[in-house]
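Its first residue numbered 4, the first sequence is counted upward by one per residue in the working numbering.
Quick notes on the structure that follows.
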Amino acid sequence: MNLQNLIENIKQEFKNTLVNLGYFSEETIIVIDTPKGKENGDYSTNIAMKLARVAKKAPLIIAKEIVNQFNRNNLFIEKIEIANPGFINIFLDKSFLTNLITEINNQGIDYGNLNMGHGEHYNIEFVSVNPTGSLHIGHARGASAGDSISRIMKKAGYKVTKEYYVNDGGNQIHNLAISIDVRYQQLFGKKIEIPKDGYHGEEIIDAAKKIKNKYKDRFIKEDGYEFFKDYGVNSLLKTLKKDLSDYGVTFDVWFSEKTLYDNKLVEKTVTYLIENNYTYEKDGAIWLKTSDYNDEKDRVIIKSDGSYTYITPDIAYHMNKLERGYTKLIDILGGDHHGYINRLKAAIEMISGKGDLLEIEILQMVKVIQNGKEVKMSKRSGKAITLRDIIDEVGVDPIRYFFAMRSLNTHMDLDLDLALKQTNENPVYYAQYAHARINSIFVTAEKKGYNTKNLPTEFTTITSEKSFELIQILGNYPDTIRQAAIHRAPHKITNYVNNLASAFHSFYNDEQVITDDHLNTMERLSLLNATKIVLKDALNLVGVSAPNKM
RNA sequence: GUUUCGGUAGCUCAGCUGGAUAGAGCAACGCCCUUCUAAGGCGUCGGCCGGGGGUUCGAAUCCCUCCCGGAAUGCCA
Numbered sequence: 004m005n006l007q008n009l010i011e012n013i014k015q016e017f018k019n020t021l022v023n024l025g026y027f028s029e030e031t032i033i034v035i036d037t038p039k040g041k042e043n044g045d046y047s048t049n050i051a052m053k054l055a056r057v058a059k060k061a062p063l064i065i066a067k068e069i070v071n072q073f074n075r076n077n078l079f080i081e082k083i084e085i086a087n088p089g090f091i092n093i094f095l096d097k098s099f100l101t102n103l104i105t106e107i108n109n110q111g112i113d114y115g116n117l118n119m120g121h122g123e124h125y126n127i128e129f130v131s132v133n134p135t136g137s138l139h140i141g142h143a144r145g146a147s148a149g150d151s152i153s154r155i156m157k158k159a160g161y162k163v164t165k166e167y168y169v170n171d172g173g174n175q176i177h178n179l180a181i182s183i184d185v186r187y188q189q190l191f192g193k194k195i196e197i198p199k200d201g202y203h204g205e206e207i208i209d210a211a212k213k214i215k216n217k218y219k220d221r222f223i224k225e226d227g228y229e230f231f232k233d234y235g236v237n238s239l240l241k242t243l244k245k246d247l248s249d250y251g252v253t254f255d256v257w258f259s260e261k262t263l264y265d266n267k268l269v270e271k272t273v274t275y276l277i278e279n280n281y282t283y284e285k286d287g288a289i290w291l292k293t294s295d296y297n298d299e300k301d302r303v304i305i306k307s308d309g310s311y312t313y314i315t316p317d318i319a320y321h322m323n324k325l326e327r328g329y330t331k332l333i334d335i336l337g338g339d340h341h342g343y344i345n346r347l348k349a350a351i352e353m354i355s356g357k358g359d360l361l362e363i364e365i366l367q368m369v370k371v372i373q374n375g376k377e378v379k380m381s382k383r384s385g386k387a388i389t390l391r392d393i394i395d396e397v398g399v400d401p402i403r404y405f406f407a408m409r410s411l412n413t414h415m416d417l418d419l420d421l422a423l424k425q426t427n428e429n430p431v432y433y434a435q436y437a438h439a440r441i442n443s444i445f446v447t448a449e450k451k452g453y454n455t456k457n458l459p460t461e462f463t464t465i466t467s468e469k470s471f472e473l474i475q476i477l478g479n480y481p482d483t484i485r486q487a488a489i490h491r492a493p494h495k496i497t498n499y500v501n502n503l504a505s506a507f508h509s510f511y512n513d514e515q516v517i518t519d520d521h522l523n524t525m526e527r528l529s530l531l532n533a534t535k536i537v538l539k540d541a542l543n544l545v546g547v548s549a550p551n552k553m
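Following this line, the structure appears as structure tokens:
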């Protein structure tokens with residue numbers, strides 16, 4: 004039995020007790036949580052205080068009644084105490100806690116796996132940056148969040164498909180082709196400038212140079228527009244994929260917007276919306292009545308020049324995702340897209356009646372500070388700090404951990420000078436160091452002839468407070484996964500990692516693991532093996548490695 | 001104006017389905033390496049939880065209101 008089951012059983016027994024005492028009603032919710040100081044026990048409940056009003060009795064009296072009725076058989080409870088102003092505090096039997104060590108060692112990386120999914124299949128779309136330039140540091144936050152959330156959902160027992168929507172069908176690709184064309188012609192001494200909607204990034208110049216090297220002046224003589232389009236998308240996409248995979252982020256599906264047109268899906272979507280009266284014509288454009296569904300105003304889906312707006316293929320795209328059978332669609336978007344949520348949901352609701360299946364997680368923007376000044380991230384200007392720079396200069400682990408630490412809706416200030424110079428102060432090293440330290444203990448133990456492959460499964464010498472604190476945190480891992488999954492909150496994982504590393508470091512400083520006492524040494528090695536498993540697994544959830552040496 | 005996300009220690013941020021003395025890292029200041037990695041441990045300093053009302057036995061957390069900051073408010077994507 005794991006800790007979560009035990010807590011459930013204790014909860015159930017509280018419920019039975021309340022029923023017996025006649026205090027239980029439909030609204031009664033029993034909450035068991037961990038108190039602040041350890042003098043208040045391992046777990047506590049505030050149920051007596053909650054009941055005070057309905058029962059019209061003092062909380063302490065109710066608490067006493069509950070404790071007297073409570074049947075603690077098979078619940079591994081050492082003692083129960085009542086504390087002011089009415090808390091009921093539970094102290095667990097230590098033998099139960101040490102059994103957790105064996106459970107973790109047996110389950111290995113499967114420890115903490117949950118079964119929350121019940122067959123649901125989530126599609127998680129993130130990054131989806133246009134292939135018109137490099138990824139910058141703002142995109143890195145999105146990549147980190149989407150990837151970490153995906154890993155957490157998988158751990159929690161959901162089936163997950165990670166998807167990247169490639170905008171290779173719209174206006175921006177036209178601008179890309181023209182930008183490459185201009186750079187290409189400049190290489191032949193032509194005096195022309197990038198148009199105002201063009202892209203100024205270095206990577207555009209690189210692409211033009213490569214084309215010149217290979218094809219010489221061929222596209223001076225003939226029109227290169229279509230070629231530049233294909234070449235630009237392909238080469239930029241290749242770089243995007245490489246940058247992302249070096250960042251530890253991979254996708255299951257790279258979905259091309261262009262295929263929506265090729266398969267007439269956009270047309271079909273538009274026809275459906277028009278035929279079912281969800282649209283009207285005004286000023287020569289076709290408008291979608293999204294304001295009927297919670298949007299602040301209606302939106303154009305076909306411009307007066309006959310072309311589509313951004314949302315039109317996007318509606319078709321989301322319909323396509325639904326048709327592929329996902330039970331939930333999660334889009335992770337930047338804070339500047341928050342106005343987009345209602346109109347997209349409205350459109351999905353019109354066309355499928357399933358607007359609820361779409362969940363949009365908004366990620367607030369990263370403000371980058373360098374030399375005390377804000378650096379504006381703009382792809383058009385080409386002056387962004389790229390993900391590639393960060394990976395090369397700082398490394399993947401610090402930056403992924405850094406992003407994972409913050410909740411999605413925090414407006415982050417990222418001071419580049421600090422991030423680049425003071426890398427040793429990044430909390431990621433604190434957690435990684437714990438892992439490396441444990442590994443080092445095992446290396447030493449093996450040198451001294453300990454058989455670390457055959458660790459004890461029963462414990463008689465683990466008695467210290469530090470050990471129990473460590474075990475208790477290990478026991479909380481499944482619940483941490485659950486919380487992180489429910490709230491789509493990777494930062495709950497990094498908080499946990501930090502607590503676990505802290506408990507370990509404290510334990511390490513207090514107790515010599517390898518001593519002359521063989522039994523004691525082996526039992527402690529068993530505890531540390533469990534710690535190592537959980538540390539590594541938790542770090543992996545946020546895409547951070549667990550090195551054996553530092 | 002409207003929508004939305006923030007305002008918690010000097011700085012960067014947790015805590016927000018109401019609970020016990022409000023936490024962490026960094027910064028500052030003290031201790032602790034003849035012993036498994038000092039990228040560590042232990043301690044000190046530091047808070048009108050933006051302001052004001054309300055609900056409650058109990059509010060950083062819920063409700064109302066005001067103030068401050070970011071973002072959005074395109075027939076751009």
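All C-beta atoms, glycine included, are put in the ideal place defined by N, C-alpha and C.
Problem set entry | the region 491-502 contacting the region 68-80, beta-carbon criterion three pairs below 8 angstroms | Output reads no: the region 68-80 does not touch the region 491-502.
For this session: State the Cα-Cα distance for the pair residue 105 and residue 531, rounded to the nearest angstrom.
Result: Each residue's alpha carbon lies about 11 angstroms from the other.
For this session: Could you please give me the residues that DSSP links to residue 405 through a beta bridge?
Result: Residue 405 is not bridged to any residue.
Exercise. Does the pairing of the region 109-128 with the region 212-222 give three or more beta-carbon distances under 8 angstroms?
Worked result: At 8 angstroms Cβ cutoff, the stretches do not touch.
Exercise. By Cβ distance, which residues of its chain are closer than 7 angstroms to residue 464, with the 5 residues on each side in sequence left out?
Worked result: Counting only Cβ-Cβ distances below 7 angstroms, and skipping sequence neighbours, we find 522, 523 and 526.
Exercise. Is the distance from the Cβ of residue 337 to the Cβ of residue 318 below 9 angstroms?
Worked result: Contact flag unset, no.
Exercise. The beta strand (DSSP E) spanning residue 167 covers which residue range?
Worked result: Residue 167 -> beta strand (DSSP E) spans 162-169.
Problem set entry | Alpha-carbon to alpha-carbon, residue 471 and residue 503 | Using only the alpha carbons, I get a separation of about 12 angstroms.
Problem set entry | Those residues which DSSP pairs with residue 525 across a bridge | Residue 525 is not bridged to any residue.
For this session: Decide if the region 342-358 is in contact with the region 139-152; the criterion is three or more beta carbon pairs, one per stretch, under 8 angstroms apart.
Result: The answer is no - the region 139-152 does not touch the region 342-358, with fewer than three Cβ pairs under 8 angstroms.
Problem set entry | Residues near residue 89 in its chain [Cβ-Cβ closer than 6 angstroms; skip 5 each side] | Excluding residues up to 5 positions away in sequence, 51, 52, 62, 63 and 66 lie with their Cβ nearer than 6 angstroms to the Cβ of residue 89 in the same chain.
For this session: Kindly indicate which residue of 72, 37, 31 and 48 has the alpha-carbon position closest to the one of residue 56.
Result: The shortest Cα separation from residue 56 among 72, 37, 31 and 48 belongs to 31.
For this session: Tell me whether residue 86 sits in a helix, a strand or coil according to DSSP, three-state version.
Result: Here residue 86 sits in strand by DSSP.
Exercise. Would you call residue 142 buried or exposed, if buried means 16 or more other Cβ atoms sit within 10 Å of its Cβ?
Worked result: Residue 142 counts as buried, since at least 16 other C-beta atoms from the protein chains shown sit within 10 angstroms of its C-beta.
Exercise. Near residue 286, which residues of its chain fall below 8 angstroms by C-beta distance, leaving aside the five closest residues on each side in sequence?
Worked result: For residue 286, where only same-chain residues beyond five positions count, the Cβ hits under 8 angstroms are 307.
Problem set entry | Alpha-carbon to alpha-carbon, residue 514 and residue 367 | Looking at the two C-alpha atoms, the distance is approximately 43 angstroms.
For this session: List in chain order: all unbroken beta strand (DSSP E) runs of 3+ residues lying wholly within the region 425-495.
Result: For the beta strand (DSSP E) assignment, the region 425-495 encloses no uninterrupted run of at least 3 residues.
Problem set entry | CB contact flag (residue 232, residue 176, <9 angstroms) | By the CB criterion at 9 angstroms, residue 232 and residue 176 fall inside the cutoff.
Exercise. What does DSSP give as the partner residues of residue 259 in its beta bridges?
Worked result: Residue 259 is bridged by DSSP to 169.
Exercise. Based on Cα-Cα distance, which residue from 443, 452, 374 and 457 lies nearest to residue 417?
Worked result: The shortest C-alpha separation from residue 417 is found at 374.
Exercise. Under three-state DSSP, which class holds residue 117?
Worked result: It is coil, neither helix nor strand.
Problem set entry | Coil, strand or helix - residue 505 by DSSP | DSSP places residue 505 in helix when its eight states are reduced to three.
Exercise. Which residues in the same chain as residue 413 place their Cβ atom closer than 7 angstroms to its Cβ, once the five residues preceding and following it in sequence are excluded?
Worked result: Spatial neighbours of residue 413 in its own chain (CB-CB distance under 7 angstroms, excluding positions within 5 residues in sequence) are listed in chain order as 367.
For this session: Can you tell me which of the three DSSP states residue 340 falls into?
Result: Helix.
Exercise. Counting along the chain, where does the alpha helix (DSSP H) carrying residue 291 start and finish?
Worked result: Note, residue 291: premise wrong, no alpha helix (DSSP H); beta strand (DSSP E) at 288-291.
For this session: Take residue 26 and list the residues in its own chain whose beta-carbon comes closer than 7 angstroms to its own, dropping the five residues that flank it on each side.
Result: So the qualifying residues of the chain are 54 and 58.
For this session: Return the Cβ separation of residue 91 and residue 48 in integer angstroms, given the expectation that the two are a contact with Cβ distance under 8 angstroms.
Result: That belief holds up - the Cβ atoms of residue 91 and residue 48 are roughly 5 angstroms apart, short of 8 angstroms.
Exercise. Straight-line CA distance for residue 398 to residue 409?
Worked result: Each residue's CA atom was taken as its position, placing residue 398 and residue 409 some 18 angstroms apart.
Exercise. Is DSSP giving residue 272 helix, strand or coil here?
Worked result: The answer is helix: DSSP assigns residue 272 an H, G or I state.
Problem set entry | Boundaries of the beta strand (DSSP E) in which residue 2 is found, first to last residue | Limits of the chain in this structure are 4 at one end and 553 at the other, which puts residue 2 out of reach.
Problem set entry | Contact the region 534-552 vs the region 426-437: 3+ CB pairs below 8 angstroms | With the rule of 3 Cβ pairs closer than 8 angstroms, the region 534-552 counts as touching the region 426-437.
Problem set entry | For residue 302, the nearest candidate out of 332, 275 and 350 (CA to CA) | Answer by Cα proximity: 350.
Problem set entry | Buried or exposed by the 16-neighbour rule on C-beta atoms within 10 Å, applied to residue 315 | Counting the other CB atoms within 10 Å of its CB gives residue 315 a total of 16 or more, which places it among the buried residues.
Exercise. With distances taken from CA atoms, which of 511, 169, 193 and 491 is nearest residue 545?
Worked result: For the set 511, 169, 193 and 491, the Cα lying nearest the Cα of residue 545 is the one of 491.
Exercise. Could you check where the beta strand (DSSP E) with residue 417 kicks off and where it finishes?
Worked result: Run containing residue 417: 415-418, per the beta strand (DSSP E) assignment.
Problem set entry | Local conformation of residue 373 per DSSP, three classes | When secondary structure is reduced to three states using DSSP, residue 373 falls in the strand class.
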